[in-house]
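2 protein chains.
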Amino acid sequence: MAKKKPPSRAECPVERSVDIIGDEWSLLVIRDAFDGVRRFGEFQKSLGMAKNILSTRLRHLVTHGILEVVPASDGSAFHEYVLTRKGRDLFQVLVGLRQWGEHHCFQPDEAHSVLVDTEQGRPVRALEVRSESGRPVTSTETVVKKVAEKKPRAKR
Amino acid sequence: MAKKKPPSRAECPVERSVDIIGDEWSLLVIRDAFDGVRRFGEFQKSLGMAKNILSTRLRHLVTHGILEVVPASDGSAFHEYVLTRKGRDLFQVLVGLRQWGEHHCFQPDEAHSVLVDTEQGRPVRALEVRSESGRPVTSTETVVKKVAEKKPRAKR
DNA sequence: CAATATGGTTTCAAAATGAAACCATCCGGA
DNA sequence: TCCGGATGGTTTCATTTTGAAACCATATTG
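For the record, the sequence lines run as chains A and B.
Numbering of the first sequence is given in numbering that gives the first Met the number 0, commencing with residue 0 and proceeding in unit increments.
Numbering of the second sequence is given in numbering that gives the first Met the number 0, commencing with residue 0 and proceeding in unit increments.
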């Protein structure tokens, strides 16, 4: 839920991300936002979630700069929730979740939606993690380098 | 928590993924597993979570084939939890979360750990979503194509 | 200007969480 | 081999979060 906790001070970026968007509803709200959902009622209907929970989630995402509130695009007095740059930058994460789900959460004969590029109408490629030199690397070929203890710069 | 719910029948792969791993603890357990954590006590200490919750999460991840229980590598009678192929395939998702966190959840002067490839010891590249032709595409250049209503194949 | 749609908030029961106590097995040493 | 501690849990219970439903204020529509 929208955490009362102070912003995560973890040194691990994964942890900070998860602290913000690592709950089911937030990720699904973001997915809907990528799909063009903008209005409170649309989210609620699409996700089938309780209004109070949606309300806290939207507030949470706005607070964290992932969504922003803008005047309704149809000129009415209502407002809408749209992804910020920060929110759109979650694209790779959503694509990763999508591709993993496609690969591991469906039976071979089961149909699922597909992410296609609008230009060609063909499915996007599988995400690849690449080294700086461009070589694809697997998880076993990488390691997390802990942050060096910030050595206070010698006075100069 | 470990859901009692039957496996998600959503047609959206993102939703199925999120239904399985879309909670804070599961993702952090998986992150630790990528970092080589294998023992119950290690997870518990690393994550600082209650043992009962860790217990349900590990069971949940094992049930869903993301972790598997193997005999302890040190020959003791205890066992260990290691990522399966399915679990390792979450690499891109974790990398996505990491890179987003690095970019959006740290102050410019704040240090954070870094994922490097062991071969060169240099940070991996930023994930890119590419079209089938290899062109990088943004979220605005893609669309989710809903699954065609499975048309029962005409009898032949 | 009345009726309804929209976008919430409040209330309250049920479920999940987390801290702590408890417990069984394993291991290492005297 | 037997004792004490480490390991890997489960149980218990108070607190927190969730979710369904009722309620409410403003906006829009007829």
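Ideal placement from N, C-alpha and C gives every residue a C-beta, glycine not left out.
Subject >> Which residues DSSP lists as bridging H78 of chain A, in chain order >> reply: Answer is A:P70.
Original post:
What does K44 of chain A touch in chain B if you count any residue whose Cβ is under 8 angstroms from its own?
Top reply: Chain-order list of chain B residues neighbouring K44 of chain A: empty, with the shortest C-beta distance near 15 angstroms, by a criterion of under 8 angstroms.
**OP:** Can you tell me the Cβ-Cβ gap for D31 of chain A and S45 of chain A, rounded? I've got them flagged as a contact below 8 angstroms.
**Re:** With a beta-carbon spacing of about 5 angstroms, D31 of chain A and S45 of chain A fall inside the 8 angstroms limit used to define contacts.
**OP:** Below 9 angstroms between beta carbons is the criterion; list the residues of the segment 123 to 134 of chain A that meet it against any residue of chain B, in chain order.
**Re:** Listed in sequence order: V123, R124, A125, L126, E127, V128, R129, S130, E131, S132, G133 and R134.
Original post:
Helix, strand or coil: how does DSSP classify P122 of chain A here?
Top reply: Secondary structure of P122 of chain A (DSSP, three-state): strand.
Original post:
Quick one, are the C-beta atoms of F90 of chain B and T137 of chain A less than 8 angstroms apart?
Top reply: In this structure, T137 of chain A lies closer than 8 angstroms to F90 of chain B by Cβ.
Subject >> Backbone CA spacing between T139 of chain B and T83 of chain A [nearest angstrom] >> reply: Roughly 13 angstroms between the two C-alpha positions.
Original post:
Can you give the Cα-Cα distance for L57 of chain B and A76 of chain A, rounded to whole angstroms?
Top reply: About 48 angstroms.
**OP:** Identify which residue in B:S54, B:V13, B:R8 and B:P12 has its Cα closest to the Cα of V28 of chain B.
**Re:** Taking only the C-alpha atoms, the option nearest V28 of chain B is B:S54.
**OP:** Step through the CB atoms of chain A and report whether any lies within less than 8 angstroms of the CB of P12 of chain B.
**Re:** Yes, because at least one Cβ of chain A sits closer than 8 angstroms to the Cβ of P12 of chain B.
**OP:** Output, in chain order, the set of chain B residues within a Cβ distance shorter than 9 angstroms of K145 of chain A.
**Re:** At a C-beta separation below 9 angstroms, K145 of chain A has these neighbours in chain B: S112 and V113.
**OP:** Could you tell me which residues DSSP puts in a beta bridge with V143 of chain A?
**Re:** According to DSSP, V143 of chain A bridges with B:L114.
Subject >> Candidates A:D73, A:G86 and A:M48, of which the one nearest G95 of chain B by Cα >> reply: Ranking A:D73, A:G86 and A:M48 by Cα distance to G95 of chain B puts A:G86 first.
Subject >> Residues bridged to R37 of chain A [DSSP beta-bridge criterion] >> reply: DSSP lists no partner for R37 of chain A.
Original post:
Comparing alpha-carbon positions, which option in A:C104, A:G133, A:E127 and A:G120 lies nearest V17 of chain B?
Top reply: Closest by C-alpha distance to V17 of chain B, out of A:C104, A:G133, A:E127 and A:G120, is A:C104.
Original post:
Which chain A residues are close to K85 of chain B, counting only those with a beta carbon under 9 angstroms from its beta carbon?
Top reply: Those are W99, H102 and H103, listed as they occur along chain A.
**OP:** Assuming V143 of chain B contacts L60 of chain A (C-beta within less than 8 angstroms), just tell me the rounded distance between them.
**Re:** Here V143 of chain B is actually not in contact with L60 of chain A; their C-beta atoms are around 20 angstroms apart, not less than 8 angstroms.
**OP:** Please classify P12 of chain A: is it buried, with 16 or more other beta-carbons within 10 angstroms of its beta-carbon, or exposed?
**Re:** So P12 of chain A ends up on the buried side.
Subject >> Close Cβ partners of H111 of chain A (< 7 angstroms) along its chain, the five nearest in sequence each way excluded >> reply: Result list for H111 of chain A: E101 and F105, in chain order.
**OP:** Could you run through the segment 30 to 56 of chain A and flag, in chain order, every residue whose CB is less than 8 angstroms away from some CB of chain B?
**Re:** Those would be R30, F33 and D34, in chain order.
Subject >> Cβ of R58 of chain A within 8 angstroms of any chain B Cβ >> reply: Cβ-Cβ to chain B under 8 angstroms: no for R58 of chain A.
Subject >> Residues that DSSP places opposite R129 of chain A in a beta bridge >> reply: Per DSSP, A:P135.
Subject >> DSSP beta-bridge partners of D22 of chain B >> reply: Its beta-bridge partners are A:D22.
Subject >> Chain-ordered chain B contacts of V92 of chain A [CB-CB under 8 angstroms] >> reply: Within chain B, the residues near V92 of chain A are V92, G95, L96 and W99.
Original post:
So which of A:R129, A:K50, A:E10 and A:G35 has the shortest CA-CA distance to L66 of chain A?
Top reply: Of the candidates A:R129, A:K50, A:E10 and A:G35, the one whose C-alpha sits nearest the C-alpha of L66 of chain A is A:G35.
**OP:** Quick one: residues in its chain with C-beta nearer than 7 angstroms to the C-beta of E79 of chain A, no 5 flanking neighbours on either side, listed in chain order?
**Re:** Counting only Cβ-Cβ distances below 7 angstroms, and skipping sequence neighbours, we find R37, R38, V69, A71 and S72.
Subject >> From B:P135, B:I52 and B:G120, residue whose alpha carbon lies closest to that of E127 of chain A >> reply: It is B:P135.
Original post:
How would you list, in chain order, the residues of chain A whose beta-carbon sits under 8 angstroms from the beta-carbon of L26 of chain B?
Top reply: Result: V13, V17 and G21.
Original post:
Anyone know if the C-beta pair for Q119 of chain A and S132 of chain B falls short of 8 angstroms?
Top reply: Their beta carbons are under 8 angstroms apart, which means Q119 of chain A touches S132 of chain B by this criterion.
**OP:** Buried or exposed for T141 of chain B, please, with buried defined as at least 16 other CB atoms from any protein chain shown within 10 angstroms of its CB.
**Re:** So T141 of chain B ends up on the buried side.
Original post:
To which residues of the same chain is E41 of chain B closer than 7 angstroms at the C-beta, ignoring the five residues directly before and after it?
Top reply: Shown here for E41 of chain B: not one same chain residue has a beta carbon closer than 7 angstroms to its own, the five before and five after excluded.
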